[in-house]
Amino acid sequence: NGGVIGAFNCQGAGWDTKLHKFRGFPECYKPMTGSVHVTEVEWDQNKDATDLGNAEEYVVYSNQGEKLCLMTPKSEPIKFIIQPSTFEIYSFVPVTKLGGNTRFASIGLTNMFNSGGTILDIEYVGSCAKIKVKGGGKFLAYSSESPKKFQLNGFEVAFEWFSDGKLFINVPWIEQACGVSDL
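Residues in the sequence shown are numbered consecutively from 39, following my numbering.
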């Protein structure tokens, strides 16, 4: 479904030779700055992902910041500051053009660190996206236009769409289906 880059600030912790255990050293706690870019994703690490690295446009989702933005291979990197003992996980998902001018990308269940890992399958048919997802929680997709309807396991359900392209639906865990749902 996409690529992931994790940024972690682990500064300020280490082995205490007197106590013989790991502990924090507050005098060493410092914010960390950096940047991420879609060209830094190692798309060639998986044969199935190689083509994903050739997209014209990507949606980038930051897990902890819960932010969504668009990026192209020519865009400026996303700059960040990470406080001590915290992290951010960036998901890079190729944008697909559906019927007409609609642009779409499925991020996955945002209550999971690797939200894209919850997506088992995606099929595009005309102006529709059929997504098989495993798990329960808040499903997020990017859609440049509001969908006419949204179905969960064959039944029309309510969804939230915002003008910045965020599209949300709550997906329940269905034990009988081993947590797999069709959107």
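Built from N, CA and C at the ideal position, the CB exists for glycine as well.
To the nearest angstrom, how far is it from the Cα of residue i to the Cα of residue j?
{"i": "D220", "j": "Y96", "result": "23 Å"}
{"i": "I160", "j": "E104", "result": "23 Å"}
{"i": "E80", "j": "V163", "result": "29 Å"}
{"i": "A196", "j": "L190", "result": "9 Å"}
{"i": "L57", "j": "P64", "result": "16 Å"}
Alpha carbons only, please: which of the options is nearest the one belonging to residue i?
{"i": "A167", "options": "F151, G155, L205, F125", "result": "L205"}
{"i": "F151", "options": "G173, A196, K59", "result": "G173"}
{"i": "V209", "options": "F63, K176, K68", "result": "K176"}
{"i": "E198", "options": "L178, I212, E213", "result": "L178"}
{"i": "S165", "options": "R141, L147, T148", "result": "R141"}
{"i": "T148", "options": "V195, Y180, D82", "result": "Y180"}
With a 10 Å radius around its C-beta and 16 neighbouring C-beta atoms as the bar for buried, classify residue i as buried or exposed.
{"i": "G72", "result": "exposed"}
{"i": "N47", "result": "buried"}
{"i": "A228", "result": "Shown here, the chain extends from 39 to 221; a query on residue 228 therefore has no answer."}
{"i": "I212", "result": "exposed"}
For the beta strand (DSSP E) holding residue i, just list the boundary residues, first then last.
{"i": "D82", "result": "Taken as a continuous stretch (DSSP letters only), D82 belongs to no beta strand (DSSP E), as it is neither H nor E."}
{"i": "C216", "result": "Per DSSP, C216 belongs to no beta strand (DSSP E) and is neither H nor E."}
{"i": "C166", "result": "166–172"}
Are the CB atoms of residue j and residue i within a distance shorter than 7 Å?
{"i": "G52", "j": "F130", "result": "no"}
{"i": "Y67", "j": "G91", "result": "no"}
{"i": "N101", "j": "I127", "result": "yes"}
{"i": "V133", "j": "T156", "result": "no"}
{"i": "G154", "j": "N39", "result": "yes"}
Please tell me whether, using a cut-off of 6 Å, the distance from the CB of residue i to the nearest non-hydrogen atom of the ligand MN is below it.
{"i": "D54", "result": "Questions concerning the ligand MN fall outside what the structure shown contains, since it holds no ligand whatsoever."}
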